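Structure, as structure tokens:
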Amino acid sequence: MKTTKITGISYIFIVLSAIIILLCFLPPNVAMADENDNYEITFPSTDYIQLTSPSSYFYGGSHYIYDSSRIIALGDALSFYNIDCNVKQFVKCGENFIINTGDSFKKLSTTTGACEDITLGSATADFILYTYGSLSNIIAINNVTGETIVFDDSFSPVKEQTLPYLAYSYTYCFENFIYSVSINFTVETGLKFYVYKTDIETFSRQTLFEIEAHGRIFVGNKIAVLQGDSLFFYDENGADYGSMEIAYNFDAFADANGLYIFNYDEDKIDIYDTQNEVEHIKTISQTSLSNLPSDAIEVDGSLYFTDNNGLNTIKDNKQETIAAQNATSVCNVQNKIYYAAGNFVYTDSASYNFDSPVLSVDADDDTVYALTANGIYTIKDDKLNLFTALSNGRKIVANSEGSLVYVLTDTEIKAFTKEKTAVAFPFNGNCSLISDFDVDYVGNLVTVTRDGVLTKYVRTVSSFEKEGEITLSLDNYQTGNISSVFITEDGKVIFTSDKSFVGKCPYFEFVTKDTFESVPAPQPQFADTTKTNKATLFYLNPNNFEYVEELPSDTRVIKLAALDETFSYVLKDGTFGYIKTADLTLIPDYEGGLALKALHSKATLYDYPDASADFIEVPKNTKLTVCGESYFNLITYYKVEYDSKKYFVKVSEVALDAPTALTNEPTQYGRAKADKIGQKVNLYALPDSDSSVIEKIIDGKELTVFSELINGFYKVQIGTQIGYIKASQVKFGGLTNAQIIAIVCVSVAIVVGVVIFIVTTKLKKKKEKEGDGVKSNSGKLKKTKNFSDD
Numbered sequence: 004m005k006t007t008k009i010t011g012i013s014y015i016f017i018v019l020s021a022i023i024i025l026l027c028f029l030p031p032n033v034a035m036a037d038e039n040d041n042y043e044i045t046f047p048s049t050d051y052i053q054l055t056s057p058s059s060y061f062y063g064g065s066h067y068i069y070d071s072s073r074i075i076a077l078g079d080a081l082s083f084y085n086i087d088c089n090v091k092q093f094v095k096c097g098e099n100f101i102i103n104t105g106d107s108f109k110k111l112s113t114t115t116g117a118c119e120d121i122t123l124g125s126a127t128a129d130f131i132l133y134t135y136g137s138l139s140n141i142i143a144i145n146n147v148t149g150e151t152i153v154f155d156d157s158f159s160p161v162k163e164q165t166l167p168y169l170a171y172s173y174t175y176c177f178e179n180f181i182y183s184v185s186i187n188f189t190v191e192t193g194l195k196f197y198v199y200k201t202d203i204e205t206f207s208r209q210t211l212f213e214i215e216a217h218g219r220i221f222v223g224n225k226i227a228v229l230q231g232d233s234l235f236f237y238d239e240n241g242a243d244y245g246s247m248e249i250a251y252n253f254d255a256f257a258d259a260n261g262l263y264i265f266n267y268d269e270d271k272i273d274i275y276d277t278q279n280e281v282e283h284i285k286t287i288s289q290t291s292l293s294n295l296p297s298d299a300i301e302v303d304g305s306l307y308f309t310d311n312n313g314l315n316t317i318k319d320n321k322q323e324t325i326a327a328q329n330a331t332s333v334c335n336v337q338n339k340i341y342y343a344a345g346n347f348v349y350t351d352s353a354s355y356n357f358d359s360p361v362l363s364v365d366a367d368d369d370t371v372y373a374l375t376a377n378g379i380y381t382i383k384d385d386k387l388n389l390f391t392a393l394s395n396g397r398k399i400v401a402n403s404e405g406s407l408v409y410v411l412t413d414t415e416i417k418a419f420t421k422e423k424t425a426v427a428f429p430f431n432g433n434c435s436l437i438s439d440f441d442v443d444y445v446g447n448l449v450t451v452t453r454d455g456v457l458t459k460y461v462r463t464v465s466s467f468e469k470e471g472e473i474t475l476s477l478d479n480y481q482t483g484n485i486s487s488v489f490i491t492e493d494g495k496v497i498f499t500s501d502k503s504f505v506g507k508c509p510y511f512e513f514v515t516k517d518t519f520e521s522v523p524a525p526q527p528q529f530a531d532t533t534k535t536n537k538a539t540l541f542y543l544n545p546n547n548f549e550y551v552e553e554l555p556s557d558t559r560v561i562k563l564a565a566l567d568e569t570f571s572y573v574l575k576d577g578t579f580g581y582i583k584t585a586d587l588t589l590i591p592d593y594e595g596g597l598a599l600k601a602l603h604s605k606a607t608l609y610d611y612p613d614a615s616a617d618f619i620e621v622p623k624n625t626k627l628t629v630c631g632e633s634y635f636n637l638i639t640y641y642k643v644e645y646d647s648k649k650y651f652v653k654v655s656e657v658a659l660d661a662p663t664a665l666t667n668e669p670t671q672y673g674r675a676k677a678d679k680i681g682q683k684v685n686l687y688a689l690p691d692s693d694s695s696v697i698e699k700i701i702d703g704k705e706l707t708v709f710s711e712l713i714n715g716f717y718k719v720q721i722g723t724q725i726g727y728i729k730a731s732q733v734k735f736g737g738l739t740n741a742q743i744i745a746i747v748c749v750s751v752a753i754v755v756g757v758v759i760f761i762v763t764t765k766l767k768k769k770k771e772k773e774g775d776g777v778k779s780n781s782g783k784l785k786k787t788k789n790f791s792d793d
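Right, here's the structure in full:
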């Protein structure tokens with residue numbers, strides 16, 4: 004680029020013009036908006052930015068603009084920070100924004116969103132704020148008086164001095180120096196303009212070079228100075244590197260990487276490399292639209308998204324297309340990426356063909372769920388299977404940590420267990436407006452509409468409660484149509500827009516595995532035997548609606564405590580959890596039940612049927628009485644009464660207190676029936692296969708059978724021994740199968756023995772007859788035939 008010289012004008016006019024320009028340099032206050040949104044946006048293979056605000060600032064590779072009550076960070080990550088004050092000027096210092104409101108200073112935390120008043124020594128709203136060094140400290144300069152204040156990282160002043168040459172100057176801080184375009188006027192030399200470099204630590208000044216006009220300055224690898232309508236480039240020795248015309252409303256930033264010019268009239272950013280020559284390398288504009296991303300997920304800090312180009316990834320701010328084809332949806336299972344394109348679902352090593360286009364995919368901890376126009380399919384262990392038929396699904400969600408699968412239709416969100424059973428899902432929002440949704444670790448819901456309304460719903464037992472709603476499109480920043488939404492590993496929200504970007508919204512906080520706070524289990528207060536009076540859900544935690552199991556009606560559980568007005572704390576098949584109290588019916592205990600005794604040297608009696616319960620121990624032959632329905636449960640305990648209190652005892656530790664209780668019972672006679680030849684039949688202490696085996700009985704042993712069938716067992720007596728045998732191993736009348744087989748085997752053996760005896764006898768006689776031979780008259784043996792020749 005060639006330098007364009009500016010014709011000299013009168014010194015007085017220049018000075019007056021410079022003062023006027025300087026007074027106009029500070030940005031005006033901007034009207035506040037009522038929105039309360041924070042979100043950030045990353046740009047994939049093409050970029051989209053729409054800039055309209057004249058108030059801007061650049062920090063550490065990100066440019067910040069003030070727009071309608073938000074500070075917006077532009078760049079690879081675009082963040083929105085809500086503020087509640089007027090903004091005259093602001094800087095970002097470490098994790099905080101320091102805002103000049105025009106009346107005072109405020110500190111806005113980028114991590115917590117808290118905004119508080121702050122005092123910066125003697126600095127007033129007339130000062131301009133800069134960051135320097137590692138961008139974690141600020142310096143305040145009054146460009147009218149030259150007053151300069153340096154602050155430490157706690158925003159306390161550590162150095163303060165008036166530098167006369169900074170009065171009515173333009174300034175810029177880079178690394179540990181103040182660069183300034185200053186006015187120098189003497190009678191001898193007249194009005195001159197110099198670029199100065201001031202060490203912030205010592206306030207020592209160095210004159211770099213003289214320029215022709217007074218204007219704004221930006222410093223990185225090169226020193227850029229606005230003179231008239233052109234931006235001129237120099238090194239610190241004053242060597243000329245060309246110029247460019249600036250005929251639009253703009254802002255700029257320079258650093259060690261280059262120069263960034265923000266054209267507010269044309270809504271674009273031009274990026275220049277200034278390492279050697281000044282060279283234009285990129286334009287970011289709202290007109291560069293393509294790709295149309297359709298879905299996105301985040302895995303271990305890497306962003307994966309699908310668009311018209313295929314499957315793409317962004318990692319460490321670098322974008323790469325993994326598969327070049329029109330992809331529609333993406334998911335992750337066990338660190339393996341699956342994506343849908345046309346009638347196929349692909350991985351890096353396999354593909355799965357469907358009978359119609361795949362609309363959506365998602366995954367739990369080991370299974371991929373694919374939604375088509377005909378239903379839901381699963382991919383597990385490299386096998387493709389139908390999960391359930393469904394004709395009107397649009398999006399599918401399967402939580403990697405949960406137990407349910409969800410499908411969005413035009414009228415509702417359906418929910419299924421992993422066992423394919425439909426369960427109630429109490430969402431009553433307008434599903435026809437929803438373009439996508441996702442569910443967090445505990446079942447909370449986020450939905451997004453195509454026009455960019457993002458809503459969070461909190462799950463309760465019987466409904467969803469709306470917690471908040473934001474509109475992604477701002478007054479001066481239009482996000483376009485939103486196609487998908489996804490809850491990330493850190494509980495934030497990712498969304499995709501047809502304006503070719505993927506956005507990340509931290510405005511809503513969702514529950515993750517790491518942030519989930521489990522409800523402490525209540526102390527057991529009783530141990531009531533109950534049953535479910537309807538099909539219901541068993542929760543591992545009442546705050547988690549993802550870890551659930553559907554129970555059929557008439558399921559037996561032990562109720563241990565009332566958690567609140569809604570849930571009871573229960574024990575089901577050895578697992579603690581929660582069931583809605585209204586879905587449980589008490590099964591009353593009774594008196595005069597089965598008489599038992601401690602079988603071994605001692606028996607342990609528990610407060611409730613689990614080894615973690617409080618217990619007492621009783622010696623052998625201690626008398627116990629069954630007092631409640633227990634052995635019908637799929638547990639290994641009996642509910643018994645002892646010393647006027649109720650306990651639970653393992654069935655393996657007790658036996659029937661007999662025979663006195665059996666004298667009046669009707670009897671039959673039968674035999675023990677083994678399943679196989681050589682096996683014996685177990686005689687149990689109680690009608691439960693988990694109880695102790697008190698004797699092994701040979702097949703065919705005669706039995707005295709008492710009473711009716713109990714829990715699949717018959718009560719029997721063998722000699723003086725009483726116990727229980729499985730009903731399938733009792734034979735009434737005739738011989739057992741094993742006995743019949745044994746008799747048959749013996750019969751066969753006898754027949755075979757007889758046959759062998761007869762044959763052996765005949766052979767022996769034959770040999771005796773032929774073995775003697777026949778002598779001829781000459782005394783020689785006469786030749787005889789072999790037995791085989793007959």
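So the sequence shown is numbered by the numbering used here: it starts at 4 and just counts up by one. For each residue, glycine too, the CB sits at the ideal point set by N, CA and C. Keep in mind it's a predicted model, so treat the numbers as computed, not measured.
Query raised in the report: Would you say the region 530-541 touches the region 578-598, given that touching needs at least three Cβ pairs under 8 Å?
Result: The region 530-541 vs the region 578-598: in contact.
Query raised in the report: Are the region 360-370 and the region 326-333 touching, with three or more C-beta to C-beta distances below 8 Å?
Result: Taking a cut-off of 8 Å for Cβ pairs, the region 360-370 and the region 326-333 touch, as three or more such pairs fall below it.
Report task. Taking K162 as the reference, give the member of D202, C118 and Y380 with the closest Cα. Result -> The residue labelled residue 162 in the question sits at position 159 within the sequence shown. Comparing Cα positions, the closest option is D202.
**Report entry** Length of the line joining the Cα atoms of N447 and D454
**Finding:** Counted from its first residue, the sequence shown places residue 447 at position 444. Counted from its first residue, the sequence shown places residue 454 at position 451. C-alpha of N447 to C-alpha of D454: approximately 22 Å in a straight line.
Query raised in the report: With 9 Å set as the bound, which would you pick, yes or no: does the beta-carbon of K734 sit closer than that to a beta-carbon of chain D?
Result: Among the chains in the structure shown there is no chain D, since it carries only a single protein chain.
**Report entry** G673, buried or exposed, once every other Cβ within 10 Å from all chains shown has been counted against 16
**Finding:** Reading the sequence shown from its first residue, position 670 is the one you call residue 673. G673 comes out buried.
Query raised in the report: Using DSSP with H/G/I as helix, E/B as strand and the rest coil, what is V451?
Result: In the sequence shown, the residue the question calls residue 451 occupies position 448. Here DSSP, grouped into helix, strand and coil, assigns V451 to strand.
Query - Nonlocal neighbours in the same chain, by C-beta distance under 6 Å from V797, ignoring five residues either side - result: Nothing can be reported for residue 797: it is not among the residues displayed for the chain, which extend from 4 to 793.
Query - Of the residues I101, S137, K417 and L563, the one placed nearest T113, counting alpha carbons only - result: If you number the sequence shown from 1, residue 113 lands on position 110. The shortest C-alpha separation from T113 is found at I101.
Report task. Given a cut-off of 9 Å, decide if D439 and I473 are closer than it, judged by their beta-carbon atoms. Result -> Within the sequence shown, the letter at position 470 stands for residue 473. Within the sequence shown, the letter at position 436 stands for residue 439. Contact check for I473 against D439 fails: the beta carbons are separated by 9 Å or more.
Query - Straight-line gap, Y380 to S465 (C-alpha atoms, nearest Å) - result: Taking the first residue of the sequence shown as 1, we reach residue 380 at position 377. Taking the first residue of the sequence shown as 1, we reach residue 465 at position 462. Separation of Y380 and S465 (C-alpha to C-alpha, rounded to the nearest whole angstrom) is 29 Å.
Requested in this report: Just mark E520 as buried or exposed, buried being the case when its beta carbon has 16 or more other beta carbons within 10 Å.
Outcome: Position 517 of the sequence shown, counted from the start, is the residue given in the question as residue 520. By the 10 Å Cβ count, E520 comes out exposed.
Query raised in the report: Do you know whose CA, among F188, K734, D441 and G595, lies nearest D678's CA?
Result: One-based indexing of the sequence shown puts residue 678 at position 675. Of the candidates F188, K734, D441 and G595, the one whose C-alpha sits nearest the C-alpha of D678 is K734.
Report task. At 3 residues or longer, and completely inside the region 210-261: list those beta strand (DSSP E) runs for me, N to C. Result -> 220-222, 226-230, 233-237, 243-248 and 253-258, all fully within the region 210-261.
Report task. Report the residue from Y510, N402 and Q528 whose alpha carbon sits nearest the alpha carbon of F548. Result -> Numbered from its first residue, the sequence shown carries residue 548 at position 545. F548 has its Cα closest to that of N402, out of Y510, N402 and Q528.
Query raised in the report: Which of the three DSSP states, helix, strand or coil, is assigned to N146?
Result: Residue mapping note: residue 146 aligns to position 143 of the sequence shown, counting from 1. Shown here, N146 sits in coil according to DSSP, grouped into three states, outside any helix or strand.
**Report entry** A730 in three-state terms, based on DSSP
**Finding:** For this step, residue 730 is matched to residue 727 along the sequence shown. In the structure shown, A730 sits in a helix (DSSP, three-state: H, G or I).
Query raised in the report: If we count the other Cβ atoms within 10 Å of its Cβ and call it buried at 16 or more, is L123 buried or exposed?
Result: The residue you call residue 123 lines up with position 120 of the sequence shown. Buried.
**Report entry** With 16 other Cβ atoms within 10 Å as the buried cut-off, status of T670
**Finding:** By one-based count along the sequence shown, residue 670 stands at place 667. The residue is exposed, with fewer than 16 neighbouring Cβ atoms inside 10 Å.
Query raised in the report: Taking T569 as the reference, which of S556, K109, E470 and P545 has the closest Cα?
Result: Along the sequence shown, one-based indexing puts residue 569 at 566. That would be P545, whose Cα lies nearest to the Cα of T569.
Query raised in the report: Nearest-angstrom Cα distance between G304 and E492?
Result: Reading the sequence shown from its first residue, position 301 is the one you call residue 304. Reading the sequence shown from its first residue, position 489 is the one you call residue 492. Cα-Cα distance, rounded: 9 Å.
Query - Distance CB(Y510)-CB(G471) smaller than 9 Å - result: Here residue 510 corresponds to residue number 507 of the sequence shown, with the count starting at 1. Here residue 471 corresponds to residue number 468 of the sequence shown, with the count starting at 1. Cβ atoms of Y510 and G471: closer than 9 Å.
Requested in this report: Work out the CA separation of D576 and F347 for me, nearest whole Å.
Outcome: On the sequence shown, residue 347 is found 344 positions in, with the first residue counted as 1. On the sequence shown, residue 576 is found 573 positions in, with the first residue counted as 1. When the Cα atoms are used, F347 and D576 turn out to be separated by approximately 42 Å.
Query raised in the report: Given P160, which residues of its chain have a CB within under 6 Å of its CB, disregarding the five upstream and five downstream residues?
Result: The residue you call residue 160 lines up with position 157 of the sequence shown. Excluding residues within five positions, the ones whose Cβ falls inside 6 Å are G124, I152 and F154.
Report task. Tell me whether A299 sits in a helix, a strand or coil according to DSSP, three-state version. Result -> Within the sequence shown, numbered from 1, the residue matching residue 299 stands at position 296. A299 falls in the strand class under three-state DSSP.
Report task. Go through its chain and collect everything with a Cβ distance to T450's Cβ below 8 Å, but skip five positions before and after it. Result -> What you label residue 450 is simply residue 447 of the sequence shown in a count that begins at 1. Excluding residues up to 5 positions away in sequence, G432, I437, D439, F440, L457, T458, Y460 and V488 lie with their Cβ nearer than 8 Å to the Cβ of T450 in the same chain.
Report task. Using the Cα positions of M247 and L234, report the straight-line distance between them to the nearest angstrom. Result -> On the sequence shown, residue 247 is found 244 positions in, with the first residue counted as 1. On the sequence shown, residue 234 is found 231 positions in, with the first residue counted as 1. For the pair M247 and L234, the Cα-to-Cα distance works out to about 5 Å.
Query raised in the report: Which first and last residues belong to the beta strand (DSSP E) in which D365 is found?
Result: Along the sequence shown, read from residue 1 onward, the residue named residue 365 stands at position 362. Looking at the DSSP string, the run of the beta strand (DSSP E) that includes D365 is V361 to A366.
Query raised in the report: Going by the CB atoms, is the gap between D358 and K339 shorter than 9 Å?
Result: Stepping through the sequence shown from its first residue, residue 339 is reached at position 336. Stepping through the sequence shown from its first residue, residue 358 is reached at position 355. Cβ distance not < 9 Å, so K339 and D358 don't count as in contact.
Query raised in the report: How is E119 classed by DSSP in three states: helix, strand or coil?
Result: Within the sequence shown, residue 119 is the residue found at index 116, counting from 1. Strand.
Query raised in the report: Of the choices T205, I700, T420 and G722, whose alpha-carbon is the least far from that of I728?
Result: Here residue 728 refers to the residue found at position 725 when the sequence shown is read from its first residue. Nearest C-alpha to I728: I700.
Requested in this report: Taking only the alpha-carbon atoms, compute the straight-line gap between E2 and L599 and give it to the nearest angstrom.
Outcome: With the chain covering only 4 through 793, there is no way to say anything about residue 2.
Requested in this report: Please say whether P296 and T499 have beta carbons closer to each other than 9 Å?
Outcome: For the purposes of this step, residue 499 is identified with residue 496 of the sequence shown, where counting begins at 1. For the purposes of this step, residue 296 is identified with residue 293 of the sequence shown, where counting begins at 1. Yes. Within cutoff.
Query raised in the report: Quick one: Cα of I214 to Cα of S185, how far?
Result: As a working mapping, residue 214 is identified with position 211 in the sequence shown. As a working mapping, residue 185 is identified with position 182 in the sequence shown. When rounded, the separation of the alpha-carbon atoms in I214 and S185 is 10 Å.
Query raised in the report: Is S604 near K623, with beta carbons less than 9 Å apart?
Result: Taking the sequence shown and counting its residues from 1, the one referred to as residue 604 is at position 601. Taking the sequence shown and counting its residues from 1, the one referred to as residue 623 is at position 620. Yes, the Cβ-Cβ distance between S604 and K623 is below 9 Å.
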